[in-house]
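**Student:** Residue numbers (the numbering used here), protein chains in the order written: chain Y, 53 to 615; chain A, -13 to 223; chain V, 16 to 422; chain X, 11 to 286; chain G, 13 to 327.
In this text, a Cβ means the ideal position worked out from N, Cα and C, and glycines have one as well.
Remember, it's a predicted structure, so these values are computed and weren't measured experimentally.
Before anything else, here's the structure in question.
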Amino acid sequence: MSKLTLSDDVRATHGSKAPMLAMVGGALVLLSGLLSWSADSTVLDDVSVRFYPIGAQIYIMVMGVTAIVLGVLLRKRPAWMSPGRGLRILGWATIAFVLLLALFAIGYETGALANLNEGLPVALVGGVLVLLAGMVTPEVTLDVRRWPKLSSSLEIVVIVVMMAFLLFAVAHALSLESWTFIAFLLMLVGVAGAVLGTGIGGYLGFVGANNRRPLLLAAFLVAFLFPFTQDGSDANMSIATQIIIFAATALGLNIVVGLAGLLDLGYIAFLGTGAYVGAMMSQSAFATIGWKPPFLVVMLIGSLVAATFGLIIGSPTLRVSGDYLAIVTLGFGEIFRLAMFNLDGNNGPKLTNGPNGIPGIPDLNFFGFDFGESHSIAGFELGRFANYYLLLLLLIAFVILVFSRLNDSRLGRGWVAIREDERAAEAMGVNVFGLKLLAFAVGAALAGIAGTIKAHVDTSVSPDQYIFLESAFLLAAVVLGGMGTVVGVLVGASILKLLPEKLREVNDYRLLAFGLLLVIMMRFRPEGLVASKRRQLEFHEDDEELVALTQQEHLLEAQAEAK
Amino acid sequence: MSAMLEVKDLEVAYGKIKAVKGITFDVQEGEVVTLIGTNGAGKTTTLRTISGLLRPTKGSITFMGKDLTSVPAHEIVSLGLAHSPEGRRIFPKLTVEENLLLGAFSRKDREIDSDLQAAYELFPILEERSKQPAGTFSGGEQQMLAMGRAMMSRPKLLMLDEPSMGLSPLMMKRIMSTVTTLQEQGTTILLVEQNAQAALKRATKGYVLEVGNIVLAGTGQELLASDDVRKAYLGED
Amino acid sequence: MPQRSVVMIGSSLVVASLALTGCGSRSSDSGTSSDSGSNKVAKIGVIAPLSGDLAALGKGIQNSVDLAIKQANESKAIPGWTLEISAQDDEAKPDVGKNAATKLASDKDVVGVVGTLNSSVAQSVQPVLAAADITQVSPANTNPSLTQGADFATAPKRTYATYFRTCTTDSIQGPFAAQYLFNTAGIKEVATVHDKKTYGQGLVEAFTKEFEKLGGKVVAAETINPDDDKYDAVISKIKPANPAAVYYGGEYPQGAPFSQQMKAAGLNVPLMGGDGLYSGKYMELAGATADGDLATSVGAPTDTLASAKEFVDAYGKGGYADPYEAYGAYAYDAANAIIEALKTSLKDAKSAEEARKATVEAMSKVKFSGVTGDVAFDEYGDTTSRVLTVYGVKGGKWEAIKTDAFK
Amino acid sequence: MSTLEATNVGHQVGHKVVLEASNVTMRFGGLTAVNDVSMQVHDGEIVGLIGPNGAGKTTFFNCLTGMYIPTEGTVKLSGEVLPPKPLKVVRAGMARTFQNIRLFGNMTALENVMVGRYCRTSSMALTSVLRGPKFKREEAATRERAQELLDYVGLGKSAELLARNMPYGDQRRLEIARALATDPQLLLLDEPTAGMNPKETEECMHLIFKIRDSGLAVVVIEHDMRFIFQLCDRVLCLVRGALLIEGTPGEVQSDPRVIEAYIGGSDDDDDEEGTK
Amino acid sequence: MDAFAQQLVNGLTLGSLYALIAVGYTVVYGIVQLINFAHGEVFMIGAFGALSTWLVLFKGQTGLWVLPIMIIGAIIASVVTAVLMERIAYRPLRNAPRLAPLITAIGISVFLQEFVRLFYGRVPFLDFPDAKQKVPFPQIDVVTGKAFEIGNVTIQRSAVFTVGALIMCAAALWYFVNRTKMGRGMQAVSQDPDTARLMGINVDRVIVVAFAIGAALAAIAGVAQGLQVTNINFKMGFLAGLKAFTAAVLGGIGNVWGAVVGGVTLGIVEAMAVQFIPGTFGGSPWKDVWAFALLIIVLVFRPQGLLGAKVVDRA
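Here's what the structure looks like:
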């Protein structure tokens, strides 16, 4: 892996200057937030005024403060932390922040770079200093045995604070538009990356692992509270419903890809199966099946049909593996799309209305609770999408439950064994074929359930939603976020669905960036943003330091569990 | 005179597991040097490292004064070092002649044809069947082809990895006598063998490897006479 | 603490130097923000594909709406109100379209929406906008079921009171073409091909019904997959039936190459289609052999209508980067229809949101002479305009052959 | 070393035939890798399989474990013909280790052994998701048994180590523990001491005796002759795919043909007693 | 019977195109066991390379003499793309888990499509058409125009060009692989890369050559496609690539002649499916389904393909 690094000699001689560099750099970055950025007052909610920071200016000040804190930490480094690494990440992020905003938000949007004022150049200097500070810091090995030992109630406080912060960040991010949104995201990536990169990430993971239940509870509470932050507006809730559907499907795919280690390039077909079943058995006037059972039955049928397809698509795994299997699944995915496209009565039986799809699917109604209507709960207005959001929250909770419980069971161990060494697994009595099929069936069933709900959320189903590119997106969510992890997939799904919604200006370049992202990720971080430890090891077979660190962390977790 | 091949403190690892744990030996021009030892002793690993297929974690390999540790495998052949790998590894779908010509891949001179004839002279059966796919050959014939192919690069040093493996005694004899012939023709040879007796008999020098270490060294005759060799192979106490 | 002093000195130096350079404003700060002043704001939304394959068509729609709004603001069409555009991308995908609609619905200033391009997107946008009482006028949806319900052929029933369209449905264009081919061109045997999409299939179905009613014969009926580039297998299937013309239901990206390949394969008969073929791009893609191909389009030819000429001129002067494309004129009319309705509904309204319902009601009374002909809506929300024109390719250009009112 | 000898000498081989391979022949295309080899193993018996490189030992091994379907001949385990599928072979009661260690490197030692319990446990998807009492019982039992086995092979303290992080000798023993976790009647060890130092080798021998004493039948492929002759009750020597000799370690060790096969017959004309 | 003969001609034409692209999959796979999923895009870029050459040098010309230069332009564009792809994206992943290069390939594929779509019409100083929609491809004398009629069978001129191109490319490839030193080296690397290195063969260079050969043939296919369908677009590589991959597998991936046989077979199957599968599951809309079904059946039941003899262990 090619990394921009300085030689050990340079670090040894100049390492002592790092804290000062970091603090000066941080101060400059902090200062830049008070200065004027642009002569044009129309960009970034008017950043032309001095000493009156707003939006992106506040964000950069947060970055400055973070740099200063890291600089202080550098002078008195806890053994389990590596502020140097954090500073490097922060430095790069600051530079990216400045350049992106300077060149595009101000330069491109106002039509002239001349509109650039002093603020951003100052920030750039600061960012470079921070980066330098990170680079001259001598490399250290983390000693995770020195992690602070908090009482369990304090650990829960840590979790609650984390979650509250998360809720705030998400709600805030969603209220932003275009360049300010990008600025926020860059700040978040920079600060979070810097903080986590110092080693706090590993520690938080450890705390989380020790308090799995409170963590889950807090996470769901946050998710549950989210619609109440939206002030009755449904715009963000609509995006949120899509993120959840996408994430639930991606989690299903993650069982196949992340756990069983099989590549599926036609996975969107399972979501499609569920959606079509949901549509065909709905009350829609275009529904092609006369039988209209209650929704819970439809959901069950949808998941069963999808699981059956999963078994069919998975059955070649008996004879085919690796790339060939990927291509087989791609072929099945295309066949699904074409079949949905064709089955309109002209070509084959009339099931799907062909390219026109099945529109006019009515809203769900559970015991008189109409999902299409707004409801008022405790003074908060919840719109149509908020209703669906809460339903989908249950769905994804169920999916996460299935995913994590399967992962942490006899079957999960079997999957790991298959990924590690298929022939050895078989020689140890692991039913390789059966487990692979199971992965396909369970994943497909989950996607199928998501599909039946999706049909009602979208109110229509048509074949052009189930093209190969969508499967690629699902795969990208898994790969980007982290194979085999729940959090990773949630992060990946959110990024992939949210960015295009928020970045309409650069929408045309979305796919270009997506393609590039896949290539870059595979090259530099194939295990994904939030990697499972095991996957990380699989992708970095010869990184002995990583192995040692993972080992230590694991031992600590095992000890904590034993207590 | 400095050695033709000099291996110093060589360490090779597969991941965490060290297969060769710091061995030192040398080959002088004109010698037949043999490395013997049981399975897993690290003989093949040593040869593969010398010819550049593996990278050492420590130590140096010097061939005719040039350090080989960072030279890519495909350039090592043209320096005059040929390697006939364990298990023959001929190209099964190519004909005998094509296999032989591949041996001369790195050469650009005009004497390839005459060397082809020389290879045919060494193993007449190859000429008879020069247009047949090599995959149809028996083990012994494949071994001849592998040796002929290695000789096509006009090596100064020829490394042979287990040339007698799985061969009938008759065929083994034929292969071993070729080793003698090549030596007489002036090729220096580094021979890895399980058939210790046959190898040591011809060797000017021998090394016994055990679990990645050299445990015995001496001239061929010395080792042949040594009880330790017998012990190493048959577990006699 | 030497570091601290360094920080202080460093930062004060920077501040001082910046103050000295006196980095003032280098571009006019005033900007071009509208002098809305005391005027209230009402927004007309646009939902169209602004990225992806169909972006060209979507941009044409967006720009045309923009033009209509600018003109209305300039002429102060609605006293006390300033109109604004809020364009949303649907990527031609139903779920993205739904998000866009939700966003517009939750914007309290939005009173009307022009869009969508695709019937499939309309299906997911309709319910969202209807729930918020926002008027929707589509410049391009041709699927009859959008206005007349799933059983449009047997038992038409209006599905969403908020939905209108300025383009004709497939059930008018197809028969019009059939009448032209059978009566005017004297062609009795045709083959039909369509791309299975709502538009193409609907067109061919309506065409076939009328053509057979007139006494003509459809000698071959085939379909293609719009993802395909090569149609020779289909053409080979049609050719032995010896049709005198081929009626194509679909859009020019497939129709034009189909014509070209048809002729290269030796089937030298005219290809006829609907307004999906009527585009300047058709000739580029169909090549030199396109002469004689036919297309129907709604309304009289633009150069015969004064209002249309004005639109073309104004659009040209508007400085838009993209051409108005096939649906620009319809979008312009759609926007103007909404503006017409707003003239009544906004008159006494305090806020835009309040006027939503009244706008829907006012829509049914809208009647004016637009770019594509007379604009008015029937009881289902469909356009009442039934004037159509047959165009033919001649010397690499579309030329009007026959304009008539459909009976 | 003498202690080892004593263990072996005092030992009684059982009377039940655990493994019976009759007339196994394996051909690949024109090449006969294994030619008409028969072999019987009784409970509580250690049988060694030796032969020079390329003699077909591993191929024979693969025929036994169901990786290959023999071209001719049958393999029976406790009287039942073995199904030619590794999975079913394991269920039937035969477990193996690999020549090049094939542990699940990124799993802990404990998890590795728990994978070995896979075929003796039964909780499926639904039970795993619902986590009923049966699931919890089985999971606890699996964990307990795995820990037991780790203790048994002397790795009790290394349970939470990643397999790839363990010393070479420990990896070998972990592989044996994993194989034992499948509750086998017969254990096949493919070069269990390859790459081990003498101390580790000796420990390994103790372990194999311990396993044998618990009533299992053991088949060992090895190159380390000292090890094999001390360890085994009976030794089979394969050369060029065929059985050269079968007998007690003493018989085999002193057989001139074995000496020839190993140290190599002399290939000169004047010195030809070994060759035919 | 006429219908059969006509569809045979159609199928042969289509199949020749598939075969030309399929060779690229098979050559690369044979050497690095990599499914270069982005190969379809190399084909697409070839077509755009030819168009660019024409636009820059010969705009308005239709003489046959411009065709060879267009082909050269196409080959340069494709080969440069393929070689860069190998160098930048694939080479660093050569020892990575198999998932990585496949996902990378999908990424490259999307990237290249979008790159052409977004930037083709924006090349500075050149007046290239916008590539967001279908772009007309120049029609060249002799190879396009009025079709030949033999009895009731129509043979298009572009079809003759395509089949001819395949025959010539196959002959040239045969000569290269079997009669040149580099070709022998390629065969050696595909059979045993480690031993090939011992022979002094620079495996990296052989891999580059493999990518380049595949790219050159795909470029010719791109020109053929442009001549046949008279337009090109940034998406044309996806389906064509998938079909060509099917063809490569059908014939036995890794086997050059397999790619040719597989391509032609697939083309004929598709054409016949349109004509002869009766009932509602026949006709053009289902032909891709049949092609994919064939792909799956072959992968499952005969993964070594029609011409492959050796069972490949793909574990």
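With respect to the alpha helix (DSSP H) encompassing A:Q118, which residues constitute its N-terminal and C-terminal limits?
**Tutor:** The residue you call residue 118 of chain A lines up with position 132 of the second sequence. A:Q118 -> no alpha helix (DSSP H), and no H or E assigned at all.
**Student:** Please tell me whether X:N122 and X:R37 are closer than 8 angstroms, where the distance is taken between their beta carbons.
**Tutor:** As a first step, residue 122 of chain X must be located in the fourth sequence, where it is residue number 112. As a first step, residue 37 of chain X must be located in the fourth sequence, where it is residue number 27. Not a contact, by the Cβ cut-off of 8 angstroms.
**Student:** What would DSSP say about Y:H508, mapped onto helix, strand or coil?
**Tutor:** Here residue 508 of chain Y is taken as the residue at index 456 of the first sequence, counted from 1. Y:H508 falls in the helix class under three-state DSSP.
**Student:** Three or more C-beta pairs under 8 angstroms: does that hold for the stretch 297 to 309 of chain G against the stretch 65 to 84 of chain G?
**Tutor:** The stretch 297 to 309 of chain G vs the stretch 65 to 84 of chain G: no contact.
**Student:** Taking the continuous alpha helix (DSSP H) assigned at G:T174, which residues delimit it?
**Tutor:** One-based indexing of the fifth sequence puts residue 174 of chain G at position 162. Per DSSP, G:T174 belongs to the alpha helix (DSSP H) from 169 to 191.
**Student:** Kindly identify the DSSP beta-bridge partner or partners of Y:L416.
**Tutor:** Here residue 416 of chain Y is taken as the residue at index 364 of the first sequence, counted from 1. None, per the DSSP bridge assignment.
**Student:** Residues of chain X with a CB under 8 angstroms from the CB of A:N25: which are they?
**Tutor:** By 1-based counting over the second sequence, the position of residue 25 of chain A is 39. Ordered by position in chain X, the residues that pass the 8 angstroms Cβ test against A:N25 are N63, E201, A204, H233.
**Student:** Relative to the C-alpha of V:S66, which residue among V:A321, V:V111, V:S79 is closest?
**Tutor:** The count along the third sequence starts at 1 and reaches residue 66 of chain V at position 51. Of the listed residues, the one whose Cα sits closest to V:S66 is V:V111.
**Student:** Going along chain G, which residues have a C-beta under 8 angstroms from Y:E590?
**Tutor:** Taking the first sequence and counting its residues from 1, the one referred to as residue 590 of chain Y is at position 538. Correct list: P109.
**Student:** Could you check the C-alpha separation between Y:V62 and Y:A164 for me, to the nearest Å?
**Tutor:** Translated into the one-based positions of the first sequence, residue 62 of chain Y becomes position 10. Translated into the one-based positions of the first sequence, residue 164 of chain Y becomes position 112. Going by the C-alpha atoms only, they are around 40 angstroms apart.
**Student:** What does X:F114 reach in chain Y if we use C-beta pairs closer than 8 angstroms?
**Tutor:** Here residue 114 of chain X refers to the residue found at position 104 of the fourth sequence. Those within 8 angstroms of X:F114 in chain Y are V468, A469, E472, D473, A476, A477.
**Student:** Using a beta-carbon distance below 8 angstroms, is A:V63 in contact with chain G?
**Tutor:** The residue labelled residue 63 of chain A in the question sits at position 77 within the second sequence. Cβ-Cβ to chain G under 8 angstroms: yes for A:V63.
**Student:** Give the straight-line distance between the Cα atoms of Y:G178 and Y:M72, rounded to the nearest whole angstrom.
**Tutor:** Counting from one through the first sequence, the residue named residue 178 of chain Y turns up at place 126. Counting from one through the first sequence, the residue named residue 72 of chain Y turns up at place 20. Answer to the nearest angstrom: the Cα atoms are 12 angstroms apart.
**Student:** State yes or no: is the C-beta of G:A86 within less than 8 angstroms of the C-beta of G:G58?
**Tutor:** To locate residue 86 of chain G, count along the fifth sequence from 1; it is residue 74. To locate residue 58 of chain G, count along the fifth sequence from 1; it is residue 46. In this structure, G:G58 lies closer than 8 angstroms to G:A86 by Cβ.
**Student:** Cβ closer than 7 angstroms: which chain V residues qualify as neighbours of G:V286?
**Tutor:** To locate residue 286 of chain G, count along the fifth sequence from 1; it is residue 274. Chain V residues near G:V286: A248, V249, K252.
**Student:** Counting C-beta neighbours from all protein chains within 10 Å, is the total for A:P226 16 or more, i.e. buried, or is it exposed?
**Tutor:** The requested residue 226 of chain A does not occur in the structure, where chain A is confined to residues -13 to 223.
**Student:** Which chain D residues are close to X:P96, counting only those with a beta carbon under 7 angstroms from its beta carbon?
**Tutor:** In the structure shown, chain D cannot be found, because the protein chains are Y, A, V, X and G.
**Student:** Can you tell which of Y:V454, Y:R129, Y:A154, Y:F520 has its C-alpha closest to the C-alpha of Y:L303?
**Tutor:** The residue labelled residue 303 of chain Y in the question sits at position 251 within the first sequence. Y:L303 has its Cα closest to that of Y:V454, out of Y:V454, Y:R129, Y:A154, Y:F520.
**Student:** Name, in chain order, the residues that DSSP records as bridge partners for V:F179.
**Tutor:** Taking the third sequence and counting its residues from 1, one reaches residue 179 of chain V at position 164. Answer is V:V152.
**Student:** Would DSSP call X:S32 helix, strand or coil?
**Tutor:** In the fourth sequence, the residue the question calls residue 32 of chain X occupies position 22. Three-state result, X:S32: strand.
**Student:** Taking the straight line between their C-alpha atoms, what separation do you get for Y:S68 and Y:P173?
**Tutor:** The sequence position of residue 68 of chain Y within the first sequence is 16, counting from 1. The sequence position of residue 173 of chain Y within the first sequence is 121, counting from 1. Whole-angstrom Cα-Cα distance: 26 angstroms.
**Student:** Pick helix, strand or coil for Y:F278, following the three-state DSSP scheme.
**Tutor:** Residue 278 of chain Y sits at position 226 when you count from the first residue of the first sequence. Helix at Y:F278.
**Student:** Could you check whether the stretch 564 to 580 of chain Y touches the stretch 117 to 130 of chain G, counting it as contact only if at least three pairs of C-beta atoms, one from each stretch, sit closer than 8 angstroms?
**Tutor:** They touch, by the three-pair rule.
**Student:** Check for me: the alpha helix (DSSP H) holding Y:H224 runs from which residue to which?
**Tutor:** Reading the first sequence from its first residue, position 172 is the one you call residue 224 of chain Y. Per DSSP, Y:H224 belongs to the alpha helix (DSSP H) from 204 to 226.
**Student:** When burial is assigned at 16 or more other CB atoms within 10 Å of the CB, is Y:W343 buried or exposed?
**Tutor:** Position 291 of the first sequence, counted from the start, is the residue given in the question as residue 343 of chain Y. Exposed, by the Cβ-count rule.
**Student:** Is G:A101 helix, strand or coil when you go by DSSP?
**Tutor:** The residue you call residue 101 of chain G lines up with position 89 of the fifth sequence. Helix at G:A101.
**Student:** Output needed for A:S64: all residues of its chain with C-beta closer than 7 angstroms, excluding positions within five of it in sequence on either side, in chain order.
**Tutor:** Position 78 of the second sequence, counted from the first residue, corresponds to residue 64 of chain A. Closer than 7 angstroms at the Cβ level, and outside the excluded window around A:S64, lie S92.
**Student:** If I follow the unbroken alpha helix (DSSP H) through G:V122, where does it start and stop?
**Tutor:** For the purposes of this step, residue 122 of chain G is identified with residue 110 of the fifth sequence, where counting begins at 1. Run containing G:V122: 111 to 131, per the alpha helix (DSSP H) assignment.
**Student:** How about G:L306 and G:L239: do their beta carbons lie closer than 8 angstroms?
**Tutor:** Reading the fifth sequence from its first residue, position 294 is the one you call residue 306 of chain G. Reading the fifth sequence from its first residue, position 227 is the one you call residue 239 of chain G. Contact: no.
**Student:** What are the start and end residues of the beta strand (DSSP E) that includes X:R244?
**Tutor:** Here residue 244 of chain X refers to the residue found at position 234 of the fourth sequence. Taken as a continuous stretch (DSSP letters only), the beta strand (DSSP E) holding X:R244 covers 244 to 249.
**Student:** Would you please verify whether the beta carbon of G:L67 is less than 8 angstroms from any beta carbon of chain Y?
**Tutor:** Indexing the fifth sequence from 1 puts residue 67 of chain G at position 55. No, G:L67 lies away from the interface with chain Y (no Cβ there is under 8 angstroms from its Cβ).
**Student:** Quickly, what does DSSP pair V:T434 with across the bridge? List them, please.
**Tutor:** Residue coverage of chain V in this structure runs from 16 to 422, which leaves residue 434 of chain V outside it and unanswerable.
**Student:** Please list the partners that X:S133 has in chain Y, where partner means a Cβ-to-Cβ separation under 9 angstroms.
**Tutor:** As a first step, residue 133 of chain X must be located in the fourth sequence, where it is residue number 123. Here the neighbours are S461, R462, L463.
**Student:** Run through the stretch 262 to 299 of chain V for me and flag every whole beta strand (DSSP E) of 3 or more residues, listed as ranges in chain order.
**Tutor:** Within the stretch 262 to 299 of chain V, the complete beta strand (DSSP E) runs of at least 3 residues are 286 to 288.
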